[in-house]
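160 is the number of the first residue of the sequence shown in this note's numbering; add one for each residue after it.
Note sheet for the following structure.
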Amino acid sequence: MYKLYTRPGSGGFVVEAALALANAQFEQIDVPKTDRPDPAFLDISPLNQVPVLTLPDGSSMTESAAICILLAERHPDANLAPAADAPARADFLRWMAFMSSVLYPAVLRFYYAYRYTADPEGTKAVKQAAVAEMDRGFAVLDAALEGRDWLVGDRMSLADIYLVMLVAWHPDIDSAWTAWPNIEP
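Below, the structure is given as structure tokens:
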């Protein structure tokens, strides 16, 4: 059985959705945000990050996009992603990598700006740059969705859920949905 270590408002959302859509049995363990993490948790997540998924064999992995790709591969009947030999698979991998390498880090820079500057006065500039990067990335995805219902292929995939999760974290969520009309909650 899987164990999902997560907390509200984290990338564990998309992993929990993947597990639920796959009808996979899992135990959810809520990890509190604290300055003094549990040493046992640090054994499976040395950077004290969530989500972490412990696999049935006892190994653990981090990084929500990677976890989603693995779950899609391990539960192909759930149609969480295009099959490995499907034409849409390349786009699925492309967009998952794009979102996890461009958008997710921009979100983190916004909400944890103090981690990205040694100058206490620099957090405002870090946040502004982060929002600009989010806006650029969401505009790219909005354009990719023009005339389409789903980001890849002809059905919902984990890429769509990942995208909606990230948009929901935008600091100006009310204008986000109107700024990118092709991205729908």
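Just so you know, even glycine gets a beta-carbon here, dropped at the ideal spot from N, CA and C.
It is roughly 15 Å from the alpha-carbon of G306 to the alpha-carbon of D319.
Sorting M220, W254 and D278 by C-alpha distance to the C-alpha of Q208 places M220 at the top. The residue among N182, R274 and V173 with its C-alpha nearest the C-alpha of A327 is V173. Using a Cβ distance threshold of 8 Å, M255 and C227 count as a contacting pair.
When C-alpha distances from A338 are compared across E232, R295, R166 and L317, the shortest belongs to R295. Apart from sequence neighbours up to five positions away, the residues of its chain that approach A272 with a beta-carbon distance below 6 Å are T282, V285 and K286, ordered along the chain. DSSP places Q287 within a helical segment (H, G or I) once states are collapsed to three. Secondary structure note for L206: it is in no beta strand (DSSP E), with a DSSP letter that is neither H nor E. Counting along the chain, no alpha helix (DSSP H) covers D197, and no H or E run does either. When the alpha-carbon of P330 is set against those of P241, L267, R274 and M160, the nearest one is in L267.
By the neighbour-count criterion, in which a residue is buried when 16 or more other Cβ atoms sit within 10 angstroms of its Cβ, L201 is exposed.
The secondary-structure analysis by DSSP pairs E186 across a beta bridge with K162.
DSSP places S316 in the coil class of the three-state scheme, outside both helix and strand. The region 227-242 and the region 187-204 do not touch, with fewer than 3 CB-CB distances between them shorter than 8 Å. Assigned with DSSP and collapsed to three states, T282 falls in helix. As computed with DSSP, S219 is found in a beta bridge with T213.
For the pair F297 and I332, the CB atoms are not nearer than the 8 Å cut-off.
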